[in-house]
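Colleague: Once you've had a glance at the structure underneath, I'll fire off some questions.
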Amino acid sequence: MNAAGIEALPPLRDVIAAHGLQPTKALGQNFLLDLNLTRKIARAAGLLDGITVVEVGPGPGGLTRALLLEGARHVVAIEKDERCLAALGEIAAASGGRLSVVAGDALAVDYRDAVAAERRDAPVRIVANLPYNVATPLLTGWLSAEPWPSWFDRLVLMFQREVAERIVARPGEAHYGRLSVLAGWRCRGRILFDVPAQAFTPPPKVVSSVVELVPKPISEPCRRQALEAVTRAAFGQRRKMLRQSLKPLFANPSEVLESVGIAETARAETVPIAGFAALARAYDGDRAAD
Ligand code: SAM
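Shown next, in the form of structure tokens:
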């Protein structure tokens, strides 16, 4: 699997110097230069044998190298910063055809197209040290994929610790919110481990966490857009009782809340995902009746 070719590549610090890849804040560039750490992240993504990995934001390629060394069948790496493309080309040349680089914005890429050439029925996994400035919209986009279960079998992603906590939070916990509901509705999620700020170049201000999300069949069926409408209203005014915060959506919120078994005085932060799904179904029922 061409490990020797990857291992013979120069140290990442030399690559950064040779290609002038000074990190820029605007692109959320906090690089990981320690191959032991990037290999730990790659291993956290499970056995990669036979897997096509999509990596967003490879940068100088520390995690990319690790994914290849840990045996990914193929890596499709999507990078917005054109300065990184030559360095990534060197990894591609050493990879024996196992790395394709897509130059572009991961928020705008058609992922099915990007993996189509390489997939050949291999499962697809998204593994990335995400640019923090677009991490939440990227995740929301993947979690909103239709149909569900989606074109990927797992997400293993680095976030700021606070965002990681929002993703995995449960009802009643301080970080529970819209992102927790969407993530918990579609995936089983957990924080795998933390990564200290000093592990990055340059160090961000906060601790980071690697999160695993495994898509699951939907056990609480409802339309995703209706679920989003309900959680947007409920968490938009999270200190208010639901009979108040849901007024923009329902003519008689108290009646709807009673019909789905939620106290009208409850607040969004205590409602389980099943409750939001029931409200989403009621929202669609109301609209159909209009
Ligand atoms: N994977 C590298 C590592 O671990 O050292 C770099 C991670 S750095 C946190 C985020 C990377 O995402 C940078 O290389 C940055 O240029 C890239 N990036 C930022 N915004 C992007 C976007 N919208 N689409 C694709 N890549 C993006």
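Position in the sequence shown (first residue = 1) + 12 = our numbering.
Backbone N, C-alpha and C fix where the C-beta goes; we use that ideal spot for every residue, glycine too.
Since we're looking at a predicted model, the values are computed, not measured.
Tell me whether T277 is buried or exposed, calling it buried when 16 or more other Cβ atoms sit within 10 Å of its Cβ.
Modeller: exposed
Colleague: On the DSSP letters alone, give me the boundaries of the beta strand (DSSP E) that R178 sits inside.
Modeller: Where R178 is concerned, there is no enclosing beta strand (DSSP E), although the alpha helix (DSSP H) it sits in stretches over R173 to V180.
Colleague: Ordered along the chain, which non-local residues of its own chain (more than five positions away) have a Cβ less than 7 angstroms from that of G62?
Modeller: R85 and A134
Colleague: Check whether the segment 246–262 touches the segment 61–76, taking contact to mean three or more Cβ pairs, one atom from each stretch, closer than 8 angstroms.
Modeller: no
Colleague: Along the chain, where does the beta strand (DSSP E) that runs through F205 open and close?
Modeller: First-last of the beta strand (DSSP E) with F205: C199 to V207.
Colleague: Considering only their Cβ atoms, is the gap separating A106 from A38 smaller than 9 angstroms?
Modeller: no
Colleague: Inspect the CB distances between the segment 264–281 and the segment 290–301 and report whether three or more fall short of 8 angstroms.
Modeller: yes
Colleague: Within the continuous alpha helix (DSSP H) that includes N48, where are the two ends?
Modeller: L47 to A56
Colleague: Report yes or no: do three or more beta-carbon pairs, one from the segment 200–220 and one from the segment 159–177, lie closer than 8 angstroms?
Modeller: yes
Colleague: Among P284, A280 and Q210, which residue has its Cα nearest to the Cα of Q256?
Modeller: A280
Colleague: Would you kindly check if the distance between the Cβ of E82 and the Cβ of I138 is under 9 angstroms?
Modeller: no
Colleague: Under 9 angstroms, do E232 and A286 count as touching if we go by C-beta distance?
Modeller: yes
Colleague: Return the chain-ordered list of same chain residues with a C-beta closer than 7 angstroms to the C-beta of H187, the five sequence neighbours on each side being excluded.
Modeller: E177, R178 and A181
Colleague: Compare the beta carbon distance of I90 and A126 with 9 angstroms and say whether it is the shorter of the two.
Modeller: yes
Colleague: Is F43 near ligand 1, with its Cβ less than 8 angstroms from a heavy atom?
Modeller: The answer is yes for F43.
Colleague: Could you tell me if the beta carbon of N264 falls within a distance shorter than 8 angstroms of some heavy atom in ligand 1?
Modeller: N264 Cβ: outside cutoff for every heavy atom of ligand 1.
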